[in-house]
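Respectively, the protein sequence lines represent chains C and A.
Position one of the first sequence corresponds to residue 426 (this note's numbering), numbered consecutively onward.
Position one of the second sequence corresponds to residue 495 (this note's numbering), numbered consecutively onward.
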Amino acid sequence: MALVELERVSKVYRMGDVEVHALREMSFATEERDFVAVMGASGSGKSTLMNIIGCLDRPTTGTYRLDGQEVSRLDRRELAHVRNRTLGFVFQSFNLLSRTSALENVELPLLYGGVPARERRQRAAEALGRVGLGERIHHHSNQMSGGQQQRVAVARALVTRPRLILADEPTGNLDSRTSIEIMALFQELGGAGITVLLVTHEPDVAAYASRVVVMRDGRVLSDKRQAPRLAADDLAAPPAPEPESPAAAHAETAS
Amino acid sequence: MIPLETFRVALRALLRNKMRSFLTVLGIIIGVGAVIAMVAIGEGAKAQVEASFASMGSNLLILLPGSTTSGGAHGGFGSMPTLTWDDLRAIRREVPSVRYAAVQLRSNAQVMSEDQNWATSVTGTSPEYFQIRSWRTQSGRPLLDSDIESSSKIVVLGQTVVDKLYGPSADPVGQTVRIKNIPFEVVGVLARKGQSPMGQDYDDGVFVPQSTFQSKIQGGLQKFISGTIIMGAVSTDATGRAQTQVTALLRDRHHLEGGADDDFSIRNLTEMANAQAEGTRTLTTLLASIAGVSLLVGGIGIMNIMLVSVTERTREIGVRMAVGATPFNILLQFLVEALTLAVAGGMVGVALGVFTAGRLAAKFGWPTLIRPDIVVISVCFSGLVGVVFGLYPARKASRLDPIDALRYE
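What follows is the structure, given as structure tokens:
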């Protein structure tokens with residue numbers, strides 16, 4: 426059975442007098458343990474797709490089944506429960522609570538899931554250990570680097586043992602090496618039975634996925650399976666000299 | 495989410511902006527402080543009035559003899575003795591709503607101990623007098639019926655008289671004092687009672703049997719009472735009835751025709767006490783409602799800051815919703831935050847109010863009374879203010895669209 430199953434899903438926004446068709450009768454399905462990269466130019470509908478799959482938004486027409494459950498007609502409270510139990514989110518801007526420790530950030534979904542305090546703490550610490558931050562559970566988000574913050578966000582997404590993790594440009598604010606580290610984490614999740622759906626516009630990042638979906642004008646343009654590049658291998662290889670960005674080189678000569 | 499956790503989250507959010515939280519609740523603090531202080535002053539005044547009326551006697555009625563009219567000049571009440579000893583006996587016997595009745599014969603005289611003297615009022619009366627006034631002896635005994643029958647030369651002293659003749663802590667029972675140069679044995683000392691509602695010192699006086707008063711202090715007529723009669727009704731409610739019944743009885747006994755004026759008058763002091771208590775109650779209500787208005791203003795301050803807080807934390811709300819917070823979770827979080835603010839402000843306000851009342855009491859000598867029920871009501875009311883004014887911002891937060899909230903810059 427497919428984990429995510431969209432059937433002729435459309436999403437229409439009204440902006441004044443203009444109707445914007447963000448998704449046009451799109452059908453899409455993922456299998457369990459898939460690692461799907463969704464690509465496309467801005468305005469192609471990939472964010473809308475993520476919002477609908479993430480149960481943050483509802484389709485205008487069509488049906489969406491998540492793990493066999495029809496969720497396109499659920500109310501806000503029920504959608505919140507689905508998000509809490511079945512889904513995990515990773516955002517481009519990390520979206521951690523400021524002035525709050527890593528541990529408490531990771532505990533947050535368990536708090537809304539009604540998990541008792543002791544178990545919550547234990548599971549959050551475990552999840553942080555899994556992303557390699559076992560030593561930093563009491564650090565606040567403003568005391569951590571971008572890569573570390575995104576790891577906390579990944580820990581927060583997987584602490585509820587979700588079926589599906591949705592990542593929206595998770596490497597957009599990270600340098601290339603930390604990006605690879607995050608991709609390595611996602612690849613490990615596939616091994617743990619978690620499906621990952623990733624939105625990106627960088628082909629380098631999409632190369633780590635096992636399936637690449639390209640969208641345009643609210644429709645699927647292409648949908649290909651591929652042999653993923655292994656992030657763990659890239660990390661094990663001696664770090665290639667970082668190609669200096671033109672901007673940085675320019676700044677150096679200017680000074 | 496567990497309520498305790500919600501409270502912890504709220505507390506942390508508030509502590510993050512300590513100065514702002516403090517300024518937000520300042521309105522509530524001042525409002526509650528004002529309520530507590532104002533009510534303390536009002537209640538203190540009321541308690542003082544009640545206490546002074548209580549020492550005057552409970553359910554008290556005073557019966558004054560009538561006025562004389564000679565050559566067109568009205569002499570005023572008490573200028574002519576119209577009340578007889580038979581009237582007193584008839585009241586005791588025939589008016590069921592009057593529990594006690596006693597004469598009050600009064601004269602001013604110099605009272606002398608061995609080496610001191612003091613001008614004070616001498617009252618001739620009977621044992622019932624002390625029942626009506628609810629006065630107790632501090633040492634020795636009050637007057638007894640046997641004292642009246644035998645016209646004993648004994649006296650009961652008030653505290654002020656003891657202070658002047660023997661010094662503050664002396665116990666003169668057994669000593670002899672001279673009144674109009676006649677020796678009287680001190681048999682009792684009354685407990686201190688303070689001032690009457692009109693500022694008269696109740697402790698400045700001595701009491702002798704009515705028979706002794708008539709024979710030794712001030713000779714009076716055999717038939718008429720040259721003083722007043724005080725009466726205690728069976729209950730507060732009965733004072734009005736007692737007044738009517740005594741009036742009817744005396745009009746009948748004095749053979750007054752339908753249109754004739756009373757040749758006596760009755761003062762109902764319970765009614766006076768009630769009127770005065772009513773006055774202080776009105777004052778308290780007025781002060782409390784002014785203070786209540788400032789509480790409402792404080793509530794508006796809370797609403798204002800909660801709205802700012804919701805806008806500021808839009809992204810946080812988005813994150814919480816994304817990880818599974820239901821709209822109700824979000825509503826509760828902001829509501830608990832407003833409630834925590836308001837109740838904390840209420841508690842600080844109570845402390846401020848108690849402190850202010852204490853200072854006012856110390857500085858101006860105003861009597862103040864902190865009523866625990868007012869304290870509890872104030873804190874609960876400020877909590878209510880928090881909920882009422884926190885509801886709109888909390889609702890606004892709970893209705894945010896998670897997608898917009900996550901994108902909010």
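Here a beta-carbon is modelled for each residue, glycine too, at the ideal position from N, C-alpha and C.
Computed from a predicted model, the values in this text were never measured in an experiment.
Within 8 Å (strictly less), CB to CB, does residue i reach chain C?
i: Met532 (chain A); result: no
i: Arg514 (chain A); result: no
i: Ile897 (chain A); result: yes
i: Pro497 (chain A); result: no
i: Ala816 (chain A); result: yes
i: Val881 (chain A); result: no
i: Asn511 (chain A); result: no
i: Leu900 (chain A); result: yes
i: Glu810 (chain A); result: yes
i: Ala819 (chain A); result: yes
i: Val813 (chain A); result: yes
i: Phe828 (chain A); result: no
i: Phe501 (chain A); result: no
i: Asn768 (chain A); result: no
i: Phe547 (chain A); result: no
i: Phe822 (chain A); result: yes
Less than 8 Å between the beta carbons of residue i and residue j, yes or no?
i: Gln653 (chain A); j: Asp697 (chain A); result: yes
i: Asp492 (chain C); j: Thr511 (chain C); result: yes
i: Ala505 (chain C); j: Ala531 (chain A); result: no
i: Val681 (chain A); j: Ile711 (chain A); result: no
i: Ser607 (chain A); j: Val671 (chain A); result: yes
i: Gly688 (chain A); j: Asn553 (chain A); result: no
i: Arg508 (chain C); j: Phe822 (chain A); result: no
i: Gly551 (chain A); j: Ser620 (chain A); result: no
i: Gly478 (chain A); j: Pro896 (chain A); result: This structure does not reach residue 478 (chain A), given that chain A is present from 495 up to 903, and the question cannot be answered.
i: Gly643 (chain C); j: Leu499 (chain C); result: no
i: Ala527 (chain C); j: Arg561 (chain C); result: yes
i: Pro534 (chain C); j: Arg581 (chain C); result: yes
i: Val589 (chain A); j: Leu743 (chain A); result: yes
i: Gly538 (chain C); j: Phe514 (chain C); result: no
Residue i CB to nearest chain A CB: under 8 Å?
i: His506 (chain C); result: yes
i: Asn598 (chain C); result: no
i: Ser680 (chain C); result: Bear in mind that the predicted position of Ser680 (chain C) carries a pLDDT of just 40, short of 50, making it unreliable; the figure below should be weighed with that in mind. With 8 Å as the cut-off, Ser680 (chain C) does not count as an interface residue toward chain A.
i: Pro534 (chain C); result: yes
i: Asp459 (chain C); result: no
State the CB to CB distance for the pair residue i and residue j, rounded to an integer number of angstroms; the pair is presumed to be in contact (CB under 8 Å).
i: Phe516 (chain C); j: Asp629 (chain C); result: Between Asp629 (chain C) and Phe516 (chain C) the Cβ distance is about 20 Å, and since that is not below 8 Å, they are no contact.
i: Val879 (chain A); j: Leu789 (chain A); result: 6 Å
i: Val702 (chain A); j: Val655 (chain A); result: About 12 Å; that fails the 8 Å criterion.
i: Ser523 (chain C); j: Asn567 (chain C); result: 6 Å
i: Leu428 (chain C); j: Glu457 (chain C); result: 5 Å
i: Ile697 (chain C); j: Pro595 (chain C); result: Because chain C in this structure spans residues 426 to 680, residue 697 (chain C) falls outside the shown range and cannot be described.
i: Val802 (chain A); j: Lys890 (chain A); result: About 11 Å separates the two Cβ atoms, so there is no contact after all.
i: Thr631 (chain A); j: Val650 (chain A); result: 7 Å
i: Ile585 (chain A); j: Ala596 (chain A); result: Going by Cβ atoms, the distance from Ile585 (chain A) to Ala596 (chain A) rounds to 10 Å, so no, they are not a contact pair.
i: Ser645 (chain A); j: Ser705 (chain A); result: 4 Å
i: Glu495 (chain C); j: Thr485 (chain C); result: That pair is no contact at about 16 Å.
i: Thr620 (chain C); j: Thr455 (chain C); result: 6 Å
i: Gly840 (chain A); j: Ser872 (chain A); result: 6 Å
i: Leu599 (chain C); j: Gly572 (chain C); result: 6 Å
i: Asn520 (chain C); j: Leu900 (chain A); result: 7 Å
i: Leu622 (chain C); j: Val463 (chain C); result: 7 Å
How would you write the range of the beta strand (DSSP E) that residue i sits in, first residue to last?
i: Val650 (chain A); result: 648-651
i: Thr576 (chain A); result: Segment: none, Thr576 (chain A) is in no beta strand (DSSP E) and carries neither H nor E.
i: Leu599 (chain A); result: 592-606
i: Arg383 (chain C); result: With chain C covering only 426 through 680, there is no way to say anything about residue 383 (chain C).
i: Glu432 (chain C); result: 429-440
i: Ala648 (chain C); result: First, the residue type needs correcting, since residue 648 (chain C) is Asp and not Ala in the sequence shown. Where Asp648 (chain C) is concerned, the enclosing beta strand (DSSP E) stretches over 644-650.
i: Glu679 (chain A); result: 676-684
Along the alpha helix (DSSP H) that carries residue i, what are the first and last residues, could you check?
i: Val802 (chain A); result: 763-806
i: Asn611 (chain A); result: Segment 611-619 is the beta strand (DSSP E) holding Asn611 (chain A); no alpha helix (DSSP H) there.
i: Phe453 (chain C); result: First-last for Phe453 (chain C): 443-455, but that is the beta strand (DSSP E), not the alpha helix (DSSP H).
i: Ser913 (chain A); result: Here chain A has residues from 495 to 903 only, and residue 913 (chain A) is not among them.
Does the Cβ of residue i lie closer than 7 Å to at least one heavy atom of the ligand FAD?
i: Leu655 (chain C); result: The model depicted lacks the ligand FAD and carries no ligand whatsoever.
Is residue i close to chain B? Criterion is C-beta to C-beta, closer than 8 Å.
i: Tyr438 (chain C); result: No chain B appears in this structure, whose protein chains are C and A.
inquiry  = Count Cβ pairs between the segment 855-862 of chain A and the segment 878-898 of chain A that sit closer than 8 Å; are there 3 or more?
reply    = no
query = Taking contact to mean at least 3 C-beta pairs separated by less than 8 Å, is the segment 839-852 of chain A in contact with the segment 527-538 of chain A?
reply = yes
message = Counting beta carbon pairs with one atom in the segment 756-766 of chain A and one in the segment 553-561 of chain A, are three or more of them shorter than 8 Å?
response = Of all C-beta pairs linking the segment 553-561 of chain A to the segment 756-766 of chain A, three or more are shorter than 8 Å, placing the two stretches in contact.
Meets three-Cβ-pair contact criterion under 8 Å: the segment 499-515 of chain A and the segment 767-784 of chain A = no
inquiry  = Can you confirm whether the segment 531-541 of chain A touches the segment 748-757 of chain A when touching is taken to mean that 3 or more C-beta pairs between the two stretches lie within less than 8 Å?
reply    = With the cut-off at 8 Å, the segment 748-757 of chain A and the segment 531-541 of chain A do not touch.
inquiry  = With three or more beta-carbon pairs closer than 8 Å as the criterion, would you say the segment 545-553 of chain C touches the segment 581-591 of chain C?
reply    = These segments touch.
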